[in-house]
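Visitor: Have a look at this one before I ask anything.
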Amino acid sequence: MPSFLEKYKPKRISEVIGNRKQMEDALNFIKNFKKGKALFLYGPPGCGKSLSIELIAKELSYEVIELSPSDFRDYNTIKQKIFEAGKQLSLFGKGRIILIDDVEVKDKGMEKAILELIKNSSYPVVLTANNPFEKSLATIRKFSEMIKFDKIHLNNLKAFLERIAKKEGKKYEEKAIAQLARMANGDVRAALIDFETLEEITEESIKKLSTREVEQTIFDTLKIIFKTRNINNALFAINQSEKTPEEIFWWIEENLIKEYKKPEDLAKGYEYLAKADFFQRMIIKRQSWQLQKYFLDFMAFVSIAKTEPYSGFTMYSSPIIYQEKKIPKDLKSLCLKIGSLTHCSSKKATQYIPIFKYLIEKNKSAKSLFTKEEIDAIKAFKGRV
35 MPSFLEKYKP KRISEVIGNR KQMEDALNFI KNFKKGKALF LYGPPGCGKS LSIELIAKEL
95 SYEVIELSPS DFRDYNTIKQ KIFEAGKQLS LFGKGRIILI DDVEVKDKGM EKAILELIKN
155 SSYPVVLTAN NPFEKSLATI RKFSEMIKFD KIHLNNLKAF LERIAKKEGK KYEEKAIAQL
215 ARMANGDVRA ALIDFETLEE ITEESIKKLS TREVEQTIFD TLKIIFKTRN INNALFAINQ
275 SEKTPEEIFW WIEENLIKEY KKPEDLAKGY EYLAKADFFQ RMIIKRQSWQ LQKYFLDFMA
335 FVSIAKTEPY SGFTMYSSPI IYQEKKIPKD LKSLCLKIGS LTHCSSKKAT QYIPIFKYLI
395 EKNKSAKSLF TKEEIDAIKA FKGRV
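Residue numbering for the sequence shown follows the working numbering, beginning at 35 and increasing consecutively.
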């Protein structure tokens with residue numbers, strides 16, 4: 035069963051509840067694209083920046099190539115990723131839009147690569163940000179057409195929530211709907227998540243919600259990550275969850291195999307989790323809490339690991355590490371990698387370590403899959419966890 039975020043997402047520009055003029059301006063830019071200039075959409079969270087590109091692409095039958103700054107570590111990596119996207123011919127001759135969501139420039143290498151992409155891409159490049167006026171984005175702004183998205187007006191959001199309440203058969207009070215819309219502060223995504231968590235929309239139920247500090251159950255969090263394909267929605271769910279990011283990591287790891295059915299979706303999901311785990315270990319090792327953003331980002335990227343959302347109900351279960359003996363710290367990353375290679379959970383992957391122990395001794399190709407530290411851990415492994 036799809037979440038309200040998916041169920042009530044507009045299917046065309048005419049269905050949006052705000053910033054329609056801005057979306058039409060963005061559509062005109064993309065239809066009349068001229069090489070050398072990007073489109074820069076900015077405004078508060080949940081106002082429809084990323085959604086507008088999705089709807090425009092649908093209307094024009096374009097493909098959207100999503101790039102995240104968190105993928106990029108140095109100039110050469112950035113250049114390879116974004117120029118592959120910018121230069122490749124689209125399948126079946128479709129047009130393309132290259133989207134860099136929540137753009138932020140960490141260093142000159144990243145800035146240089148993005149500017150070269152803007153100047154050389156055969157396809158329109160679209161950037162989004164909450165605040166585009168940071169000093170690090172100054173040069174990029176000079177090569178961009180800026181479109182400001184406003185937060186959704188209170189009355190529009192209130193009317194939208196009332197329509198959904200009637201459609202879903204939810205009991206509601208007008209004052210409570212207005213209060214819920216006010217709490218969302220123009221963020222449609224936040225309003226829908228709150229709305230779905232409440233059995234009925236009454237003043238009494240609204241009192242239990244504190245402004246943007248609503249705690250979702252872990253099942254709500256997983257539903258948004260697994261059932262949608264939107265990084266911002268996934269990040270929002272992670273930040274609003276009752277669980278810590280570290281706990282959410284293990285809940286995702288445990289239930290990924292239950293939700294994603296295609297091997298390629300599973301492989302991509304485990305790849306993102308392995309990267310998240312890498313940054314978590316760096317945070318602990320170096321006490322570098324500025325890396326927390328990347329830990330959260332790569333967990334959120336699990337939402338776009340699938341080619342399309344899976345329908346149907348999934349029974350989520352708590353991580354085995356809470357039920358049985360924990361996987362030793364030195365094996366966590368190794369088990370995630372083996373899980374990615376074999377399309378299974380890291381707990382299940384421990385059963386395959388003896389097999390890989392044999393393979394790395396007999397097969398050079400198998401050995402090349404692992405670092406020296408991982409090979410040592412495989413060789414030292416005894417029995418099952």
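We treat Cβ as the ideally placed atom computed from N, Cα and C, and that holds for glycine.
According to the neighbour-count rule (16 or more other Cβ atoms, all chains shown, within 10 Å of its Cβ), is residue 324 buried or exposed?
Guide: Walking along the sequence shown from the start, residue 324 turns up at place 290. Looking at its Cβ environment, which holds fewer than 16 other Cβ atoms inside 10 Å, residue 324 is exposed.
Visitor: Residue 310: which of 298, 295, 300 and 287 sits nearest, CA to CA?
Guide: Mapped onto the sequence shown, residue 310 falls at position 276. With distances taken between Cα atoms, residue 310 lies closest to 287.
Visitor: For residue 366, tell me which candidate among 67, 396 and 407 has the shortest Cα-Cα distance.
Guide: One-based indexing of the sequence shown puts residue 366 at position 332. Ranking the options by Cα distance to residue 366, first place goes to 407.
Visitor: Using C-beta distances below 8 Å, list every residue in its chain close to residue 81, excluding the 5 sequence neighbours before and after it, in chain order.
Guide: Here the question's residue 81 lines up with position 47 in the sequence shown. So the qualifying residues of the chain are 52, 53, 183, 184, 185, 186, 220, 221 and 222.
Visitor: What residue range does the beta strand (DSSP E) around residue 159 cover?
Guide: Within the sequence shown, numbered from 1, the residue matching residue 159 stands at position 125. Segment 159-163, the beta strand (DSSP E) holding residue 159.
Visitor: With DSSP collapsed to three states, give me the class of residue 206.
Guide: As a working note, residue 206 is residue 172 in the sequence shown. Three-state DSSP puts residue 206 in a strand.
Visitor: Tell me the rounded alpha-carbon separation between residue 164 and residue 227.
Guide: To locate residue 164, count along the sequence shown from 1; it is residue 130. To locate residue 227, count along the sequence shown from 1; it is residue 193. Taking the straight line from one Cα to the other gives about 20 Å.
Visitor: Report the CB separation of residue 98 from residue 131 in whole angstroms; it is logged as a contact under 8 Å.
Guide: As a working note, residue 98 is residue 64 in the sequence shown. As a working note, residue 131 is residue 97 in the sequence shown. Right, the Cβ-Cβ distance comes to about 5 Å (below 8 Å), so this counts as a contact.
Visitor: Check the C-beta distance from residue 344 over to residue 293 and give it rounded, since I have them as a contact under 8 Å.
Guide: Taking the sequence shown and counting its residues from 1, the one referred to as residue 344 is at position 310. Taking the sequence shown and counting its residues from 1, the one referred to as residue 293 is at position 259. Rounded, the Cβ-Cβ distance is 6 Å, consistent with contact.
Visitor: What do you get for residue 62, buried or exposed, if any count of 16 or more other CB atoms within 10 angstroms of its CB means buried?
Guide: For the purposes of this step, residue 62 is taken as the residue at position 28 of the sequence shown. Exposed, since its Cβ has fewer than 16 Cβ neighbours within 10 Å.
Visitor: Is the distance from the Cβ of residue 375 to the Cβ of residue 403 below 8 Å?
Guide: Taking the first residue of the sequence shown as position 1, residue 375 is located at position 341. Taking the first residue of the sequence shown as position 1, residue 403 is located at position 369. In this structure, residue 403 lies closer than 8 Å to residue 375 by Cβ.
Visitor: My understanding is that residue 333 touches residue 272, with C-beta atoms under 8 Å, so please give their C-beta distance in whole angstroms.
Guide: The residue given as residue 333 occupies position 299 in the sequence shown. The residue given as residue 272 occupies position 238 in the sequence shown. Rounded, the Cβ-Cβ distance is 6 Å, consistent with contact.
Visitor: Got a sec, what are the start and stop residues for the beta strand (DSSP E) residue 180 sits in?
Guide: The residue you call residue 180 lines up with position 146 of the sequence shown. Its beta strand (DSSP E) spans residues 178-182.
Visitor: Thinking just about the alpha-carbon of each residue, which of 49, 346 and 55 is nearest to the one in residue 197?
Guide: Here residue 197 refers to the residue found at position 163 of the sequence shown. Taking only the C-alpha atoms, the option nearest residue 197 is 49.
Visitor: Can you tell me the Cβ-Cβ gap for residue 389 and residue 401, rounded? I've got them flagged as a contact below 8 Å.
Guide: Locating residue 389 in the sequence shown gives position 355, where the first residue counts as 1. Locating residue 401 in the sequence shown gives position 367, where the first residue counts as 1. With 8 Å as the limit, residue 389 and residue 401 do not qualify as a contact, their Cβ atoms being about 13 Å apart.
Visitor: Helix, strand or coil, according to DSSP, for residue 383 in the structure here?
Guide: Working through the sequence shown from its first residue, we reach residue 383 at position 349. It is helical.
Visitor: Indicate whether residue 285 and residue 318 have their beta-carbon atoms separated by less than 8 Å.
Guide: The sequence position of residue 285 within the sequence shown is 251, counting from 1. The sequence position of residue 318 within the sequence shown is 284, counting from 1. No. Outside cutoff.
Visitor: Taking just the CA atoms, how far does residue 302 sit from residue 377?
Guide: Counting from one through the sequence shown, the residue named residue 377 turns up at place 343. Counting from one through the sequence shown, the residue named residue 302 turns up at place 268. Looking at the two C-alpha atoms, the distance is approximately 10 Å.
Visitor: How do the region 206-220 and the region 161-177 stand: do at least 3 beta-carbon pairs fall below 8 Å, yes or no?
Guide: No: fewer than three Cβ pairs fall under 8 Å.
Visitor: Mark residue 392 as exposed unless 16 or more other C-beta atoms lie within 10 angstroms of its C-beta, in which case mark it buried.
Guide: Start at 1 with the first residue of the sequence shown, and residue 392 comes out as number 358. Residue 392 should be labelled exposed.
Visitor: For a quick check, are the C-beta atoms of residue 254 and residue 236 less than 8 Å apart?
Guide: Translated into the one-based positions of the sequence shown, residue 254 becomes position 220. Translated into the one-based positions of the sequence shown, residue 236 becomes position 202. No. Outside cutoff.
Visitor: With a threshold of 16 other CB atoms inside 10 Å of the CB of residue 167, please say whether the residue is buried or exposed.
Guide: The count along the sequence shown starts at 1 and reaches residue 167 at position 133. Label assigned to residue 167: exposed.
Visitor: Considering only C-alpha positions, which residue in the set 212, 337 and 262 is nearest to residue 191?
Guide: As a working mapping, residue 191 is identified with position 157 in the sequence shown. Taking only the C-alpha atoms, the option nearest residue 191 is 212.
Visitor: Less than 8 Å between the beta carbons of residue 265 and residue 135, yes or no?
Guide: As a working note, residue 265 is residue 231 in the sequence shown. As a working note, residue 135 is residue 101 in the sequence shown. Going by C-beta atoms, residue 265 is nearer than 8 Å to residue 135.
Visitor: Is it true that the CB of residue 329 sits closer than 8 Å to the CB of residue 279?
Guide: Walking along the sequence shown from the start, residue 279 turns up at place 245. Walking along the sequence shown from the start, residue 329 turns up at place 295. Contact flag set, yes.
Visitor: Flag this pair as yes or no: are the beta carbons of residue 160 and residue 73 separated by less than 8 Å?
Guide: Here the question's residue 160 lines up with position 126 in the sequence shown. Here the question's residue 73 lines up with position 39 in the sequence shown. Yes, Cβ-Cβ distance for residue 160 and residue 73 is below 8 Å.
Visitor: Give me the Cβ distance between residue 86 and residue 57, rounded to the nearest whole Å; I'm assuming they're in contact under 8 Å.
Guide: Here residue 86 corresponds to residue number 52 of the sequence shown, with the count starting at 1. Here residue 57 corresponds to residue number 23 of the sequence shown, with the count starting at 1. Yes, they are in contact, since the Cβ atoms of residue 86 and residue 57 sit about 4 Å apart, within 8 Å.
Visitor: Helix, strand or coil for residue 53 per DSSP?
Guide: Along the sequence shown, one-based indexing puts residue 53 at 19. Here residue 53 sits in coil by DSSP.
Visitor: Considering only their Cβ atoms, is the gap separating residue 195 from residue 216 smaller than 8 Å?
Guide: Here the question's residue 216 lines up with position 182 in the sequence shown. Here the question's residue 195 lines up with position 161 in the sequence shown. No. Outside cutoff.
Visitor: Using the C-alpha atoms, what's the distance from residue 155 back to residue 88?
Guide: Here residue 88 is taken as the residue at index 54 of the sequence shown, counted from 1. Here residue 155 is taken as the residue at index 121 of the sequence shown, counted from 1. If I take the Cα positions, the gap works out to 19 Å.
Visitor: By how many angstroms is the C-alpha of residue 77 removed from the C-alpha of residue 179?
Guide: Against the sequence shown, residue 179 aligns to sequence position 145. Against the sequence shown, residue 77 aligns to sequence position 43. Whole-angstrom Cα-Cα distance: 14 Å.
Visitor: Enumerated in chain order, which unbroken segments of the alpha helix (DSSP H) with a length of 4 residues or greater are wholly contained in the region 225-306?
Guide: Here the runs fully enclosed are 237-241, 252-261, 265-274 and 279-293.
Visitor: In the DSSP assignment, what residue or residues form a beta bridge with residue 24?
Guide: Because the chain is modelled from 35 through 419, residue 24 falls outside the range shown and cannot be assessed.
Visitor: Tell me whether the beta-carbon of residue 210 lies closer than 8 Å to the beta-carbon of residue 218.
Guide: For this step, residue 210 is matched to residue 176 along the sequence shown. For this step, residue 218 is matched to residue 184 along the sequence shown. Taking 8 Å as the Cβ cut-off, residue 210 and residue 218 do not qualify as a contacting pair.
Visitor: What are the start and end residues of the beta strand (DSSP E) that includes residue 47?
Guide: In the sequence shown, counting from the first residue as 1, residue 47 sits at position 13. Unbroken run through residue 47: none, as it is neither H nor E.
Visitor: Per DSSP, what kind of secondary structure is residue 186 in: helix, strand or coil?
Guide: As a first step, residue 186 is located in the sequence shown; it is residue number 152 there, counting from the start. Residue state, collapsed to three classes: coil.
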